[in-house]
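Colleague: For the sequence shown, the UniProt record's numbering gives the first residue as 1, with consecutive numbering after it.
Idealized CB from N, CA, C, for every residue including glycine.
Quantities reported herein were computed from a predicted structural model and do not represent experimental measurements.
Structure below; questions to follow.
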Amino acid sequence: MIQSMTGFGKHVIQLPSKKITVELKSLNSKNLDLNARMPSAYREKELELRKVIASSLVRGKVDFGLYIENTGDSTSAQVNEVTVKQYMKQLQSIAEGESIQLLEMALRMPDAMKTEKEDIDEAEYSSIKEALVKALQEINTFRSEEGSVLESDFKLRVSKLTSLLEEVKTIDPDRQATIREKLEKAVADLTADVDANRFEQELIYYLEKYDITEEKVRLKNHLEYFTKTLSSSDSNGKKLGFICQEIGREINTIGSKANYAPMQQIVVQMKDELEKIKEQMLNVL
């Protein structure tokens with residue numbers, strides 16, 4: 001079953017004094033392109049968290065956000081009393097003012113607040129990893145649901161291509177007869193005498209040049225292989241993309257050999273259906 005590279009996952013864990021939120025968003029990309037946003041205190045754990053995400057999502061442009069909100073009374077930021085008092089004293093010497101006004105001004109000065117670096121709490125980090133696993137499960141469920149929609153669309157497009165191929169097979173005898181008739185008429189219009197045996201040989205040569213039997217067989221095989229790969233247990237967008245290239249090659253060859261308006265019209269419809277598959281294929285994992 002195929003998966004989409006588009007997805008969203010979010011999980012929230014409430015601790016006694018903190019609220020932990022993990023968000024994951026992904027779009028299509030040729031490889032894994034991971035952008036991480038997290039508190040500076042957890043930067044040393046970024047590589048480990050990236051590995052967890054990479055092992056689960058494999059491909060896509062992924063935005064990972066870790067947000068930690070203090071819901072208790074404790075805070076790591078404190079007023080730097082010594083520095084603030086020095087600022088207030090200097091301000092008092094420059095201009096008259098009430099203490100509360102001087103304090104407001106002093107608190108805006110550099111180093112008025114100090115933040116002590118906290119050691120990572122292992123229990124809190126364990127909760128973060130738990131939230132990440134849950135968010136990954138959500139985004140993968142989202143990707144699978146999107147992939148199911150894409151799979152249905154692909155099957156519909158392949159079914160249309162198969163029907164169009166049957167139309168090509170149906171009108172191919174008329175096409176060959178029309179080409180033969182055109183060549184015979186062209187020779188009949190010549191004033192010079194034409195050797196009948198040589199003409200027949202040349203006619204066979206040109207008809208072989210316009211023969212599309214091999215292309216019809218290969219196109220049928222490619223369409224069947226695409227459907228088989230689509231139903232496999234893993235999601236392989238790159239492989240399906242390569243099969244699309246082969247399908248397109250056979251359609252183009254049929255179009256170049258057709259030399260027959262009704263068949264060329266069918267080829268245009270086939271190209272249109274294949275283009276719709278290719279557009280959606282960019283989003284397949």
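Please report the straight-line C-alpha distance between Arg43 and Ile128, rounded to a whole angstrom.
Modeller: Arg43 and Ile128: Cα-Cα distance of roughly 13 Å.
Colleague: Would Gly60 and Ser29 qualify as a contact pair, given that the criterion is a beta-carbon distance under 8 Å?
Modeller: In contact: Gly60 and Ser29 (Cβ atoms closer than 8 Å).
Colleague: I need the DSSP call for Lys129, collapsed to helix, strand or coil.
Modeller: Looking at Lys129 - three-state DSSP - the assignment turns out to be helix.
Colleague: Quick check on Asp63: does DSSP put it in helix, strand or coil?
Modeller: In this structure, Asp63 counts as strand in the three-state DSSP scheme.
Colleague: Looking only at C-alpha atoms, which of Glu96, Ile20, Lys10, Pro39 sits nearest to Ser26?
Modeller: When only C-alpha atoms are compared, the closest one is Lys10.
Colleague: Go ahead and pull the three-state DSSP assignment for Ser258.
Modeller: The sequence given here has Ala at residue 258, not Ser. Three-state DSSP puts Ala258 in a helix.
Colleague: When DSSP labels each residue in this structure, what does Ser26 get in the three-state scheme?
Modeller: In the structure shown, Ser26 sits in a strand (DSSP, three-state: E or B).
Colleague: Within this structure, are the beta carbons of residue 297 and Leu285 separated by less than 8 Å?
Modeller: This structure does not reach residue 297, given that the chain is present from 1 up to 285, and the question cannot be answered.
Colleague: If contact is defined by three or more beta carbon pairs under 8 Å, each pair taking one atom from either stretch, is the region 125-144 in contact with the region 47-58?
Modeller: At 8 Å Cβ cutoff, the stretches touch.
Colleague: Is the separation between the beta-carbon of Leu223 and that of Ile2 shorter than 8 Å?
Modeller: No, Cβ-Cβ distance for Leu223 and Ile2 is not below 8 Å.
Colleague: From this set, Tyr67, Pro110, Met5, which residue's C-alpha is nearest Val58's C-alpha?
Modeller: The residue with the shortest Cα to Cα distance from Val58 is Met5.
Colleague: For Asn259, which residues from the same chain have a beta carbon less than 7 Å from its beta carbon, with the 5 sequence-adjacent residues on both sides left out?
Modeller: Ile179, Tyr210.
Colleague: Which first and last residues belong to the alpha helix (DSSP H) in which Val284 is found?
Modeller: Element bounds for Val284: n/a, residue is neither H nor E.
Colleague: I want to know whether the region 211-222 touches the region 157-177 - three or more CB-CB distances under 8 Å.
Modeller: Yes: the two stretches touch, three or more of their Cβ pairs being nearer than 8 Å.
Colleague: Check the C-beta distance from Gly255 over to Gln265 and give it rounded, since I have them as a contact under 8 Å.
Modeller: Rounded, the Cβ-Cβ distance is 10 Å, inconsistent with contact.
Colleague: Here's the rule: buried if 16 or more other CB atoms are within 10 angstroms of the residue's CB, otherwise exposed. What is Ala123?
Modeller: The residue in question, Ala123, is exposed, as its Cβ has fewer than 16 Cβ neighbours within 10 Å.
Colleague: What span of residues does the alpha helix (DSSP H) with Val217 cover, start to end?
Modeller: Note, Val217: alpha helix (DSSP H), 213-230.
Colleague: Near Pro39, which residues of its chain fall below 6 Å by C-beta distance, leaving aside the five closest residues on each side in sequence?
Modeller: Here the set comprises Ile68.
Colleague: So is Asn31 buried or exposed if we call it buried at 16+ other beta carbons inside 10 Å?
Modeller: So Asn31 counts as exposed.
Colleague: Under DSSP, the beta strand (DSSP E) around Arg50 begins and ends at which residues?
Modeller: First-last for Arg50: 46-57, but that is the alpha helix (DSSP H), not the beta strand (DSSP E).
Colleague: Quick check: the Cα distance between Asn197 and Lys276, rounded to an integer number of angstroms?
Modeller: Going from the Cα of Asn197 to the Cα of Lys276 covers about 48 Å.
Colleague: Could you have a look at Leu15 and say whether DSSP puts it in helix, strand or coil?
Modeller: The answer is coil: DSSP assigns Leu15 none of H, G, I, E or B.
Colleague: How would you call Glu23, buried or exposed, if buried means at least 16 neighbouring beta carbons within 10 angstroms?
Modeller: It is buried - the Cβ of Glu23 has at least 16 other Cβ atoms within 10 Å.
Colleague: What first and last residue would you give for the beta strand (DSSP E) that runs through Ala106?
Modeller: Element bounds for Ala106: not the beta strand (DSSP E) but the alpha helix (DSSP H), 99-107.
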